[in-house]
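**Student:**
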Ligand SMILES: [Fe+2]
Ligand SMILES: [Fe+2]
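Numbering (the working numbering), first residue to last: 35 to 242.
1) For residue 162, report the span of its alpha helix (DSSP H) as first-last.
2) Using the Cα positions of residue 202 and residue 81, report the straight-line distance between them to the nearest angstrom.
3) May I ask you to report which of helix, strand or coil DSSP gives residue 92?
4) If you count every other CB in all the chains shown that lies within 10 Å of the CB of residue 150, and 16 or more means buried, which is it?
5) With DSSP run on the structure shown, which of helix, strand or coil describes residue 80?
6) Would the C-beta of residue 168 count as close to ligand 1, meaning under 8 Å from any of its heavy atoms?
7) Using only the heavy atoms of ligand 1, determine whether one of them is closer than 8 Å to the beta carbon of residue 82.
8) Using DSSP with H/G/I as helix, E/B as strand and the rest coil, what is residue 204?
9) Following the continuous alpha helix (DSSP H) through residue 104, name the residue where it begins and the one where it ends.
10) Any chance the segment 71–85 sits against the segment 210–226, with 3 or more Cβ pairs inside 8 Å?
11) Taking 9 Å as the threshold (C-beta atoms), are residue 122 and residue 226 in contact?
12) Check whether the Cβ atoms of residue 126 and residue 157 sit closer than 9 Å, and answer yes or no.
13) Quick one: residues with CB closer than 5 Å to any heavy atom of ligand 2, in chain order, please.
14) Once the 5 residues before and after residue 142 are set aside, which same chain residues still bring their CB inside 7 Å of it?
15) Pop quiz: residue 88 and residue 139 are said to be a contact at Cβ under 8 Å. What is the actual Cβ separation, rounded to whole angstroms?
Set out below in structure tokens:
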């Protein structure tokens, strides 16, 4: 079929548009084509889009910290890498605050939703709760409760979350820290998102 000027480019020249303007008119074979192309598309582009999400904040100003959120994320990941942590932990450190500006009050849930299908339950839980654990390190934060994390004392992932925040988060805003460039982490991010996804949506609904 002739492409019009309104069509966006397909990712591959031998792919096909489904030239119907409502989902209700898609046939089963249309969905077959769409889903096959979608699977390949996600495999090729998901990690890159996640990286672009972070990279887009590279030159942002800060609201008071000596480094912006991008450099905080890079420092967190670099510290985890240099401590010899597993690749998954390094990638989680890199992306733990990727939603800090766009989704501030729920940025832990944002990161958990972004990464949850591809990481351990330990890291999924840590991402969801790390901001609460951060309060311990902000004893003079107005309205903050440094001991709020105690409600989860004894949880299997309490210690890891406390360790992550203490070692790789609360002190990862040092303007003199020599961070690795983002490029160091690109292949790691690609490998994590290339894992077979797990469905964690039911866990997302559980409290805590
Ligand atoms: Fe955070
Ligand atoms: Fe952080």
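Glycine is no exception: its CB is placed at the ideal position from the N, C-alpha and C atoms.
**Tutor:** From the atom records:
1) 155–168
2) 23 Å
3) coil
4) buried
5) helix
6) yes
7) no
8) coil
9) 103–116
10) yes
11) yes
12) yes
13) 131 and 203
14) 161, 162, 163, 164 and 165
15) Between residue 139 and residue 88 the Cβ distance is about 20 Å, and since that is not below 8 Å, they are no contact.
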